[in-house]
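Only one structure is covered here, and it is reproduced in the block below.
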Amino acid sequence: MNQAATKNQLVCSAEDYCVFKQFLSNASGIELGDGKEYLVVSRLNGLLRQHWLTNMKELLAELSAGRNLRLKASVVEAMTTNETFWFRDAPHFRLLTTKIFPEATNQRFRIWSAACSSGQEPYSISMQAHGYRMCNPGRLSDIEIVATDISAGILNEARRGVYSGLSASRGLDDEQRRRYFFTHAEGYEVKPEIKSRVRFQEFNLTRDFASLGRFDVIFCRNVLIYFPPAVKQDIIQRMSKVLRPGGYLFLGSTESMPASSKAFEMVSEQGGIIYRVKK
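Here the sequence shown stands for residues 5 to 283, numbered as in this note's numbering.
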């Protein structure tokens, strides 16, 4: 390996950045804005060393050749993996228990956690469902949570369900750790009864949703901000088609429904905003 690769910080020129932006858009649908060279450097610097590459031009040449699928997957994963934590946006989880679960009439209740990252969101949903079932025997007897992400690596971490450090503490209290986790040599492991409701699957949001089936609830939070407006609008429209009549879509607390979207109506209750597909 070239010793300069281990000593020098990666440099991303304006020209290289334009080429990389196009690659990422084609590979994942995500569009980087202007002036984000620092983000590319911070996320890819170590990755280049792992693949014996010394600069952005070498990386771009490898990606353009299309032979190294492992490298392509690693780059997409590095650029799309984001921080998450347990029970993020507490009003959303409160609305699950006080509004959405009580309305459930389908024998099988299905929830999609889109862009689930390392699993905190779908496992939080499963914990919320578990608590509701304990307080309401006979309700939600058949519930499935489909958790998808573009990154195969992060999905493997999520399936394992072992967390340590901040990932085992942010958003959790001591009672929740006692109730829903086992102690593990590396930290805490999600209990089987919580894992069993969650099915993880690699999936790109720019692809067709038909293979996923129909849902009562979709969580698509803090990911659409990375897509250009037209792609965001397309994803939301297609999500409306896989929601059952009266189903709900959760966006991030700082996100809003595009004004051009006519498929949903806003519901604001108990400090949270959700979107119900029109019947």
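Even glycine gets a Cβ: it sits at the ideal position worked out from N, Cα and C.
Keep in mind the model is a prediction, meaning the values are calculated, not measured.
Between residue 248 and the rest of its own chain, which residues show a CB-CB distance below 6 angstroms, the 5 nearest in sequence each way excluded? Position 244 of the sequence shown holds residue 248. Cβ within range, chain order: 218 and 220.
Using CA coordinates, which residue listed in 270, 274 and 134 is at the minimum distance from residue 183? In the sequence shown, residue 183 corresponds to position 179, counting from 1. Measuring from the Cα of residue 183, the nearest candidate turns out to be 134.
Put residue 205 into one of helix, strand or coil per three-state DSSP. Here residue 205 corresponds to residue number 201 of the sequence shown, with the count starting at 1. Three-state DSSP puts residue 205 in a strand.
Distance between beta carbons of residue 267 and residue 206, contact taken as under 8 angstroms: Sequence index remark: in the sequence shown, residue 206 carries index 202 (1-based). Sequence index remark: in the sequence shown, residue 267 carries index 263 (1-based). Actually they do not touch by this definition, with Cβ atoms about 27 angstroms apart.
Neighbourhood of residue 36 by C-beta distance below 7 angstroms, restricted to the same chain and skipping five residues each side: Here residue 36 refers to the residue found at position 32 when the sequence shown is read from its first residue. Excluding positions up to five away in sequence, the list reads 25 and 28.
Might you give, ordered along the chain, the residues of its own chain that have their beta carbon closer than 7 angstroms to the beta carbon of residue 62, omitting 5 neighbours on each side? The residue labelled residue 62 in the question sits at position 58 within the sequence shown. If we look at residue 62 and ignore the five residues flanking it on each side, it has no Cβ neighbours.
Three or more beta-carbon pairs under 8 angstroms between the stretch 53 to 72 and the stretch 190 to 199, yes or no? no
Among the candidates 162, 187 and 51, whose CA atom is the shortest distance from the CA of residue 78? Numbered from its first residue, the sequence shown carries residue 78 at position 74. The shortest C-alpha separation from residue 78 is found at 51.
What do you get for residue 105, buried or exposed, if any count of 16 or more other CB atoms within 10 angstroms of its CB means buried? In the sequence shown, residue 105 corresponds to position 101, counting from 1. Residue 105 is buried by the Cβ-count criterion.
Please determine if the stretch 164 to 177 and the stretch 110 to 120 are in contact, where contact requires at least 3 C-beta pairs separated by less than 8 angstroms. no
Check whether the stretch 91 to 108 and the stretch 41 to 56 are in contact - that is, three or more C-beta pairs closer than 8 angstroms. no
Could you give the DSSP three-state label for residue 104: helix, strand or coil? Here residue 104 corresponds to residue number 100 of the sequence shown, with the count starting at 1. Looking at residue 104 - three-state DSSP - the assignment turns out to be helix.
Please state if the CB of residue 151 and the CB of residue 3 are separated by a distance shorter than 8 angstroms. Given a span of 5 to 283 for the chain in the structure shown, any question on residue 3 remains unanswerable.
Roughly how many angstroms lie between the CA atoms of residue 65 and residue 18, to the nearest whole one? Counted from its first residue, the sequence shown places residue 65 at position 61. Counted from its first residue, the sequence shown places residue 18 at position 14. If you take the alpha carbons of residue 65 and residue 18, they lie about 16 angstroms apart.
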